[in-house]
Each structure stands twice: as C-alpha cells, then as structure tokens.
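Engineer: Take this structure, written in structure tokens, and hold onto it; I'll ask about it next.
In the numbering used here, the protein residues as written are 4 to 218.
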C-alpha cells in the first residue's frame, strides 16, 4: 500500500535566515528593509507564525527585539545559509523535532503567499517526499523558499564538513527527495540589490495604494 502523504499536522518549525552580509546593497541589513509598511524580516516571521511554526528560529544577530522568535548565530558569523541552518537545528531540543521545517530567506517580499503555496502543495506529494521548494520562472529551485522533513535535514547536516560553513545550499539538500514546484515570480522574487528593493516597494504601493490616492 502507498504510504501516507506528507502533512504538516504532525508539526512545523521554521528556520529564517537573516544574517548575510548584504554585499550587493553596500552592507545594509536587508531583512530590515521595509516593503509595504513592514520589514522583510517581520513579513517572514508573520508568515511562519501564521503557519503555526514552532520552534521559530531566526539566524542573525538580534535585529528586532519585538519579534517572538529565538535568535541564534552560526559560529563564526557569516558562514553562509547552510551554516545557519546547522546552527538553528543544533539549538532545537533533541528528540522534540517538528516533522517539517520551513527554510526561508528573509529577503522575500512575497513570503506570505510563498508559505501558503508550500503548505497547500505539500499534502499532494508522494509519501516519500523529503522536501518541497518553489521554482522561479526558469524552473530553478529556490532552496531557501522551501519546507523539508526535519529528520532528513538533520541527517544531511550531520555529514557536512565544518558545520556547513561556506557551503552552497545545494550541498545540504543534494541527497534529499525534493519536489520543485513552479511558482509565479511574485512568490520567488527576492531583494538582492537596491533596484530590487525599489521595484518591490513600487509593486507593494501599486497593490496597496494609500488612502490619499484612493478615489
């Protein structure tokens, strides 16, 4: 008989990656960029919270004390997203993992819709699926817009040299059975440059015009 399809009812956690150098924006802290009246970090936390994610860990120095999250840092800092995932998993209580873990970069203006899409598609996948991520317009996997079996992530992380420091995300997920689902650009488009930020703000303003602009 086929196995039970993946569900998130067994538990969902979240690892939000917010500790990069921001080299393409002159060292600015991208997760604190405001788009549509809130920071990209706050948007990611809200998306994970609304999905019921616990634990909810942000890998970064403390950027916003008002957020109800746990903060961790990879050691040494700026080791890249894989090192961040390893640090977050290491901070979670052993033996009490959620079944699934959202893995999200904190530079996604469309993170709310992206998380909803991930969790809506997850139960439709084969039972042996170990992860699901969205694909951009060219079908390229966006590993940091995904949801993965926590046990599989831990196993993959345990064999990485140097606790994943400076490793591409592909090395973490290479052996996992991951489905890639094509998604609209609005769900996968991130903010890498100042131009990206201006475009994201313009899209948000167009989608939610101010009261002064309303007829």
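Where a beta carbon is used, it is the ideal one built from N, C-alpha and C, also for glycine.
Could you please give the first and the last residue of the uninterrupted beta strand (DSSP E) stretch that includes residue 176?
Structural biologist: Residue 176 -> not in any beta strand (DSSP E); alpha helix (DSSP H) instead, spanning 172-176.
Engineer: Put residue 62 into one of helix, strand or coil per three-state DSSP.
Structural biologist: Residue state, collapsed to three classes: strand.
Engineer: What residue range is occupied by the uninterrupted alpha helix (DSSP H) comprising residue 148?
Structural biologist: Not the alpha helix (DSSP H): residue 148 falls in the beta strand (DSSP E), residues 144-152.
Engineer: Comparing C-alpha positions only, which one of 83, 57, 120 sits nearest to residue 25?
Structural biologist: Minimum Cα distance to residue 25 is reached at 83.
Engineer: Smallest Cα separation from residue 222: which of 171, 50, 80?
Structural biologist: Because the chain here runs from 4 to 218, residue 222 falls outside it and cannot be looked at.
Engineer: Could you have a look at residue 35 and say whether DSSP puts it in helix, strand or coil?
Structural biologist: Helix, per DSSP.
Engineer: Should residue 14 and residue 103 be called a contact, given that it needs their Cβ atoms to be closer than 8 angstroms?
Structural biologist: The answer is yes: Cβ separation under 8 angstroms.
Engineer: Is residue 184 helix, strand or coil when you go by DSSP?
Structural biologist: Here residue 184 sits in strand by DSSP.
Engineer: DSSP beta-bridge partners for residue 17?
Structural biologist: Bridge partners of residue 17: 59, 105.
Engineer: Let me check understanding here. Comparing Cα to Cα, which of 127, 108, 144 lies closest to residue 186?
Structural biologist: Closest by alpha carbon: 144.
Engineer: How long is the line joining the alpha carbons of residue 167 and residue 127, rounded to whole angstroms?
Structural biologist: About 31 angstroms.
Engineer: Less than 8 angstroms separating the beta-carbons of residue 223 and residue 100?
Structural biologist: There is simply no residue 223 to check, as the chain begins at 4 and stops at 218 in what is shown.
Engineer: Taking its Cβ as the centre, do 16 or more other Cβ atoms sit within 10 Å of residue 29, making it buried, or is it exposed?
Structural biologist: Label assigned to residue 29: exposed.
Engineer: Would you mind giving the Cβ-Cβ distance between residue 108 and residue 20, rounded to the nearest angstrom? I have them listed as a contact below 8 angstroms.
Structural biologist: Rounded, the Cβ-Cβ distance is 5 angstroms, consistent with contact.
Engineer: My assumption, with CB atoms under 8 angstroms, is that residue 72 sits in contact with residue 59. Please give the rounded CB distance.
Structural biologist: That belief holds up - the Cβ atoms of residue 72 and residue 59 are roughly 5 angstroms apart, short of 8 angstroms.
Engineer: Nearest-angstrom Cα distance between residue 136 and residue 44?
Structural biologist: Rounded to whole angstroms, residue 136 to residue 44 spans 20 angstroms at the Cα level.
Engineer: Using only CA atoms, which one of 69, 94, 62 lies nearest to residue 87?
Structural biologist: For residue 87, the nearest C-alpha among the options comes from 62.
Engineer: Among 97, 34, 192, which residue has its Cα nearest to the Cα of residue 139?
Structural biologist: For the residues 97, 34, 192, the minimum Cα distance to residue 139 belongs to 192.
Engineer: Are the beta-carbon atoms of residue 70 and residue 48 separated by less than 8 angstroms?
Structural biologist: Cβ atoms of residue 70 and residue 48: closer than 8 angstroms.
Engineer: Apply the 10 Å Cβ neighbour rule to residue 42 and answer buried if 16 or more other Cβ atoms are within range, or exposed otherwise.
Structural biologist: Buried: at least 16 other Cβ atoms inside 10 Å.
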